[in-house]
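J.: Using the numbering used here, the letters of the sequence shown correspond one by one to residues 2 to 278.
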Amino acid sequence: IIYRAKDTDTVDLAKLTRDELKPYRQQIRLIFQDPYSSLNPRMTVFEIVSEVLKVNHLAAGSDLEDRVALLLKRVGLRPEYMRRYPHAFSGGERQRIVIARALATNPQLVVADEAISALDVSIRAQILNLLKDLQEEFGLTYLFIAHDLSVIRHICDRVNVMYVGKLAELAEASALYAHPKHPYTEALMSAVPIHNPRHRSQQQRIRLEGDVADPANPPSGCYFHPRCRYAIERCQTEAPLLEAMWEDAEHFVACHRAKELSLRGAVDEQLAEVETV
2 IIYRAKDTDT VDLAKLTRDE LKPYRQQIRL IFQDPYSSLN PRMTVFEIVS
52 EVLKVNHLAA GSDLEDRVAL LLKRVGLRPE YMRRYPHAFS GGERQRIVIA
102 RALATNPQLV VADEAISALD VSIRAQILNL LKDLQEEFGL TYLFIAHDLS
152 VIRHICDRVN VMYVGKLAEL AEASALYAHP KHPYTEALMS AVPIHNPRHR
202 SQQQRIRLEG DVADPANPPS GCYFHPRCRY AIERCQTEAP LLEAMWEDAE
252 HFVACHRAKE LSLRGAVDEQ LAEVETV
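#1: Considering only their Cβ atoms, is the gap separating A169 from A255 smaller than 8 Å?
#2: According to DSSP, simplified to helix, strand and coil, what is R79?
#3: With distances taken Cα to Cα, identify the nearest neighbour of Q28 among N107, S151 and M44.
#4: Which residues in the same chain have their Cβ closer than 6 Å to the Cβ of P241, if we skip the five residues on either side of it in sequence?
#5: For L141, write down the residues that DSSP places opposite it in a beta bridge.
#6: Using a Cβ-Cβ cut-off of 8 Å (strictly less than) and excluding sequence neighbours within five positions of K74, which residues of its own chain qualify?
#7: Which residues in the same chain have their Cβ closer than 6 Å to the Cβ of P184, if we skip the five residues on either side of it in sequence?
#8: Would you call Q205 buried or exposed, if buried means 16 or more other Cβ atoms sit within 10 Å of its Cβ?
#9: Going along the chain, which residues of its own chain have a beta-carbon closer than 8 Å to the beta-carbon of A103, five neighbours each way excluded?
#10: Suppose only complete runs of 4+ residues qualify. What are the alpha helix (DSSP H) ranges in the segment 78-162, listed by chain order?
#11: Select from C236, P198, R26 and S38 the residue whose C-alpha is nearest the C-alpha of V53.
#12: With H, G and I counted as helix, E and B as strand and the rest as coil, what does DSSP make of E261?
#13: To the nearest angstrom, how far is it from the Cα of L132 to the Cα of E210?
#14: For V278, which of helix, strand or coil comes out of DSSP?
#15: Measure the alpha-carbon distance for G92 versus E244 and round it to whole angstroms.
#16: Just curious, the beta strand (DSSP E) that R26 is in, first and last residue?
#17: Between F225, E234 and P181, which lies nearest to R1 when the distance is taken from Cα to Cα?
#18: Here's a check: name, in chain order, each residue in its chain whose Cβ is nearer than 6 Å to the Cβ of S51, leaving out the five neighbours to either side.
#19: Could you please give me the residues that DSSP links to I233 through a beta bridge?
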């Protein structure tokens with residue numbers, strides 16, 4: 002697991018000892034998927050957030066309450082909420098508490114694992130906008146893990162498409178949505194719904210046959226070849242390397258036929274849908 006901080010060389014986190022990992026734990030924080038299970042029901046909000054500050058020796062004594070109050074304000078919660086327990090809050094409010102806890106160490110990287118998928122649709126946009134505001138305020142980098150294409154388009158600058166645990170395509174969000182280079186990405190883009198019935202005739206959905214490969218017993222060659230309509234014999238025997246496209250050095254794809262295929266991206270109406278969260 003290679004990590005590069007803003008002012009240091011790259012480091013392989015998997016090779017560090019427990020003590021060597023400690024400073025990186027302050028730099029890298031997590032936002033979990035389920036706000037109902039990621040907060041200890043026996044602890045108050047103050048105890049939940051202040052625990053991070055105490056463990057990392059960032060505040061003590063009377064400073065703790067001031068720091069917790071400031072963190073709650075930054076995520077849109079009233080400071081007096083710090084004396085309440087998690088059961089007193091809605092799902093969206095609980096996720097704000099999780100975000101406040103993640104911000105307590107002034108991290109550089111925040112890993113958001115399906116951070117809004119467990120929330121009501123009416124709350125998702127609020128949390129997304131909060132995350133974007135915090136990113137601008139604190140200069141955060143997000144590793145945002147999600148399956149919702151509209152959410153990804155809304156918040157991500159660069160998108161990494163994975164299939165059965167392998168990287169299939171990596172590119173700027175606008176380029177990937179409009180001009181995908183991997184057949185699996187093309188299939189994903191075709192699945193973006195068009196809610197306006199007058200424009201649905203433009204949608205050409207690609208139906209993938211077969212089942213997703215078993216990660217414990219994947220097929221030989223390209224993992225996607227059993228479901229790919231462009232697969233050739235080489236795809237069955239040789240795993241493709243992740244390579245840059247010659248016309249775009251920032252667009253990487255793992256496909257033997259990427260440079261010869263002309264794949265269909267999301268049409269204008271689909272892009273309009275994913276711009277609206």
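The beta-carbon is built from N, C-alpha and C at its ideal position, and this holds for glycine as well.
T.: The short version:
#1: yes
#2: coil
#3: N107
#4: C223, A255, C256 and H257
#5: Residue pairing from DSSP leaves L141 without any beta-bridge partner.
#6: P80
#7: C229 and Y231
#8: Exposed, since its Cβ has fewer than 16 Cβ neighbours within 10 Å.
#9: R30, L31, I32 and V111
#10: 92-104, 122-139 and 150-156
#11: R26
#12: coil
#13: 37 Å
#14: Annotation note: pLDDT 49 at V278 (below 50); position unreliable, coordinate value reported separately. In the displayed model, V278 falls within coil according to three-state DSSP, outside both helix and strand.
#15: 41 Å
#16: Unbroken run through R26 is the alpha helix (DSSP H), R19 to Q28; no beta strand (DSSP E).
#17: Past the boundaries of the shown model lies residue 1; the chain is included only from 2 to 278, so the question cannot be answered.
#18: L65 and V69
#19: Partner(s): none; I233 has no beta bridge.
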